[in-house]
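Q: Going by this note's numbering, the first residue of the sequence shown is number 172, and it counts up by one from there. For glycine and all other residues, C-beta sits at the position ideal for the given N, C-alpha and C.
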Amino acid sequence: MKVEVLLQKHSSGRNDPDPYGFVSFLEAPNKPADLSTIQFFLSKYFVGQCGSSVPWAATPEAPPLIPVGHLISKGVYFMIFVIPRAFNSWAPQPAKQFPYLNYSTEAISINNSPYSVHSGHVWVEFNAFVAECGNQLVLNYKDKLICRFGSKCRHIDSCGFLHVDSNQLPRPVPNSMVVEKEVVQFLLSSSGLIGNLVITKLLQGSNSSLYDNKPFNVSQDPNLQVEVAVSQQEFYLDIKNLSTVQIQLSLSPMQCPSASITATLVDHETNKPFALQRGENLRVLGKVELTGYYSLNDLPSVDVYYKTADTAHRMRVKIPVLLHKYCADPPIPNFDPNGSSDSVKKIVQELYNSPRLVNKKEFTVEMGAAVDKASWATTLREAGVMVCAPFVEQNVEYFCVVSCLKAEGIVIIMNFFEESNQCFLKVVTKFGEESLYTSFAETICAISSNNPCFEYSLLDPPPFTN
172 MKVEVLLQKH SSGRNDPDPY GFVSFLEAPN KPADLSTIQF FLSKYFVGQC
222 GSSVPWAATP EAPPLIPVGH LISKGVYFMI FVIPRAFNSW APQPAKQFPY
272 LNYSTEAISI NNSPYSVHSG HVWVEFNAFV AECGNQLVLN YKDKLICRFG
322 SKCRHIDSCG FLHVDSNQLP RPVPNSMVVE KEVVQFLLSS SGLIGNLVIT
372 KLLQGSNSSL YDNKPFNVSQ DPNLQVEVAV SQQEFYLDIK NLSTVQIQLS
422 LSPMQCPSAS ITATLVDHET NKPFALQRGE NLRVLGKVEL TGYYSLNDLP
472 SVDVYYKTAD TAHRMRVKIP VLLHKYCADP PIPNFDPNGS SDSVKKIVQE
522 LYNSPRLVNK KEFTVEMGAA VDKASWATTL REAGVMVCAP FVEQNVEYFC
572 VVSCLKAEGI VIIMNFFEES NQCFLKVVTK FGEESLYTSF AETICAISSN
622 NPCFEYSLLD PPPFTN
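#1: Can you tell me whether Tyr-312 is buried or exposed? The criterion is at least 16 other CB atoms within 10 Å of its CB, across all chains shown.
#2: Quick one: what does DSSP say Val-396 is sitting in, helix, strand or coil?
#3: Within 8 Å of any Cβ in chain B, is that where the Cβ of Lys-443 sits?
#4: Report the option in Arg-552, Asn-586 and Gln-419 whose CA atom is closest to the CA atom of Asn-566.
#5: Find out if the Cβ-Cβ distance for the pair Pro-238, His-484 is shorter than 8 Å.
#6: Go ahead and pull the three-state DSSP assignment for Lys-496.
#7: My understanding is that Ser-244 touches Ser-361, with C-beta atoms under 8 Å, so please give their C-beta distance in whole angstroms.
#8: Leaving out five residues before and five after Gly-240 in sequence, what residues of the same chain have Cβ atoms less than 6 Å from its Cβ?
#9: With H, G and I counted as helix, E and B as strand and the rest as coil, what does DSSP make of Ala-446?
#10: Helix, strand or coil: which one does DSSP assign to Ala-483?
#11: Is it buried or exposed for Asn-394, if we count other Cβ within 10 angstroms and need 16 for buried?
#12: Do you know offhand how far Leu-413's Cα is from Asn-505's?
#13: Taking the beta carbon of Ala-617 as the centre, do at least 16 other beta carbons fall within 10 Å, making it buried, or is it exposed?
#14: Taking the alpha carbon of Glu-405 as the reference point, which residue from Ser-390, Gln-356, Arg-449 and Ile-490 has its own alpha carbon closest?
#15: Confirm the yes/no value for this check: CB of Lys-544, any heavy atom of the ligand FAD, distance under 7 Å.
#16: Look at the alpha carbon of Gln-264 and the alpha carbon of Asp-438, and state the distance between them as a whole number of angstroms.
#17: Check whether the segment 519 to 532 and the segment 566 to 582 touch, using three or more Cβ-Cβ pairs below 8 Å as the test.
#18: Assuming contact is defined by CB atoms lying nearer than 8 Å, are Phe-562 and Lys-597 in contact in what I supplied?
#19: Would you kindly report the start and end of the unbroken alpha helix (DSSP H) that includes Cys-221?
#20: What does the Cβ neighbour count give for Lys-496, buried or exposed, with the cut at 16 atoms within 10 Å?
#21: Which residue comes first and which comes last in the alpha helix (DSSP H) that contains Lys-411?
#22: At which residues does the beta strand (DSSP E) containing Lys-173 begin and terminate?
#23: Across which residues does DSSP place Thr-435 in a beta bridge pair?
#24: With a 10 Å radius around its C-beta and 16 neighbouring C-beta atoms as the bar for buried, classify Glu-451 as buried or exposed.
#25: For Met-538, which residues of its own chain have a beta-carbon under 6 Å away from its beta-carbon, when the five flanking residues on both sides are left out?
#26: Can you grab the Cα-Cα spacing for the pair Ala-545 / Asp-507, in whole Å?
#27: Does DSSP classify Trp-547 as helix, strand or coil?
#28: In three-state DSSP terms, what is Val-556?
#29: Can you tell me whether DSSP reads Leu-359 as helix, strand or coil?
#30: Does DSSP put Thr-441 in a helix, in a strand, or in coil?
#31: Between Ala-400 and Glu-351, what straight-line distance do the alpha-carbon atoms span, to the nearest angstrom?
#32: Counting along the chain, where does the beta strand (DSSP E) carrying Cys-427 start and finish?
#33: Would DSSP call Asp-469 helix, strand or coil?
#34: Which first and last residues belong to the beta strand (DSSP E) in which Phe-562 is found?
#35: Report yes if the CB atom of Phe-249 is closer than 8 Å to the CB atom of Glu-175, and no otherwise.
#36: Please state whether DSSP places Thr-609 in a helix, a strand or coil.
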């Protein structure tokens with residue numbers, strides 16, 4: 172998974188080169204630091220400095236910031252946020268300009284890789300930027316960014332400089348861009364902590380439970396939460412105001428890329444703003460109609476627009492109507508998936524060798540150090556993947572799925588193996604319809620993987636572009 176960080180070019184106000192840093196604000200020196208206040212102002216400044224003009228709001232609009240945590244470096248509070256994946260293609264197009272920012276468009280180099288800066292902003296790969304900070308540290312050695320005693324400093328706990336031995340520093344790389352010293356110091360001392368905070372947050376947002384029929388939190392930021400639940404022919408959205416103020420909210424019409432699956436909101440008028448009070452919930456009912464096979468890229472989605480007095484945001488929610496949940500049960504007359512191992516093995520072998528299943532695919536899922544096979548199988552069944560009773564062949568235990576939808580069938584054969592003290596799941600499939608395979612495979616990967624939030628998911632909503 173690639174992680175990027177947003178850089179902003181600041182105006183130095185001197186003859187020195189204008190440095191790159193993060194979105195920031197200066198706190199009044201006579202007021203004590205309060206994390207909620209810092210978070211509020213950073214979110215507000217982010218929208219003000221990076222947001223674009225939109226016709227539906229008087230204030231600029233930018234992605235909602237999801238707080239991850241904070242770190243303190245030499246008295247400076249660094250708040251860490253992530254933005255929803257729907258904004259992975261988003262880039263700042265500032266509607267307003269401020270004298271303390273430099274809005275130049277230029278080409279720069281980050282750790283020997285080229286990047287294009289537009290209107291003073293650029294997304295850069297996080298690890299490359301950390302390495303670039305190491306290069307900047309060497310170039311600024313005479314500015315005493317590091318302690319000359321290195322790790323042997325007798326006052327390492329109270330010394331105000333970084334403690335890195337000179338032989339550990341990378342070689343200087345000439346560069347036209349300059350990074351703020353506070354940012355250099357922070358990243359070189361805290362990049363590992365930042366990574367741990369981000370990973371922990373993403374694991375909390377794992378979408379593995381999205382595949383059953385229970386309400387699931389598909390999108391949440393400090394202001395708004397959206398949950399979705401899907402049954403056979405309908406779905407509902409639960410929208411909750413998490414902020415301390417009233418929110419103005421509107422929903423777009425459903426976006427349906429394919430005629431094979433269409434969806435509509437049946438009890439709510441779209442493109443019409445309404446107020447959602449503090450702590451208030453709104454439930455919106457929708458209907459789904461299927462006329463043929465469809466891919467996960469064809470799933471309908473809806474945009475949620477909302478604004479407060481200071482900020483404007485939007486969300487995009489994809490409705491997880493999974494094709495495999497419409498499969499026949501049982502797929503074969505008189506077949507009992509929970510029957511004897513011999514009967515399951517016989518049916519699986521016959522169908523696997525069927526000439527109608529012309530396509531074959533295999534993949535492997537990393538599951539972690541320990542696996543409860545019974546619990547894993549139960550979770551898959553709850554998600555509509557009807558795992559049969561296991562059978563053993565040549566000392567290997569196999570878990571299989573036999574299913575069909577209309578005239579198209581699929582056979583899935585799974586077994587566990589270990590490598591370097593890690594458990595893996597090998598999955599072999601034969602099928603006729605590609606979209607049916609994709610629905611099963613997406614669900615198996617999400618439930619089985621030990622880090623599903625880092626996987627590319629076909630259930631991610633289509634990205635916003637500015």
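A: Walking through what the data contain:
#1: For Tyr-312, the pLDDT reaches just 47, beneath the cut-off of 50, and the residue's location in the model is therefore unreliable, although a value from the coordinates is still provided. So Tyr-312 counts as exposed.
#2: For the record, residue 396 in the displayed sequence is Gln; it is not Val. Three-state DSSP puts Gln-396 in a strand.
#3: Absence of chain B from the displayed structure is noted, only one protein chain being present.
#4: Asn-586
#5: no
#6: helix
#7: With a contact defined as Cβ atoms closer than 8 Å, Ser-244 and Ser-361 qualify at about 6 Å.
#8: Within the same chain, Gly-240 has close Cβ partners Ile-251 and Leu-368.
#9: strand
#10: DSSP, reduced to helix, strand and coil, places Ala-483 within a strand of the structure shown.
#11: Its Cβ being crowded by 16 or more others within 10 Å, Asn-394 is buried.
#12: Taking the straight line joining both Cα atoms gives about 51 Å.
#13: buried
#14: Closest option to Glu-405, judged by alpha-carbon separation, among Ser-390, Gln-356, Arg-449 and Ile-490: Ile-490.
#15: With respect to the ligand FAD, the structure offers nothing, as it holds no ligand at all.
#16: For Gln-264 and Asp-438, the distance between alpha carbons rounds to 36 Å.
#17: The segment 519 to 532 is in contact with the segment 566 to 582.
#18: Lys-597 is positioned such that its CB atom lies no closer than 8 Å to that of Phe-562.
#19: Element bounds for Cys-221: 206 to 221.
#20: Its Cβ being crowded by 16 or more others within 10 Å, Lys-496 is buried.
#21: Run containing Lys-411: none in the alpha helix (DSSP H); it sits in the beta strand (DSSP E), 405 to 412.
#22: First-last for Lys-173: undefined, no H or E at that position.
#23: Lys-458
#24: Here Glu-451 is exposed, its C-beta having fewer than 16 other C-beta atoms within 10 Å.
#25: Cys-594, Leu-596, Ser-619 and Asn-621
#26: 18 Å
#27: Shown here, Trp-547 sits in a helix according to DSSP, grouped into three states.
#28: coil
#29: helix
#30: coil
#31: In a straight line, the C-alpha of Ala-400 is about 46 Å away from that of Glu-351.
#32: Here Cys-427 belongs to no beta strand (DSSP E), and DSSP marks it neither H nor E.
#33: helix
#34: 562 to 564
#35: No, Cβ-Cβ distance for Phe-249 and Glu-175 is not below 8 Å.
#36: helix
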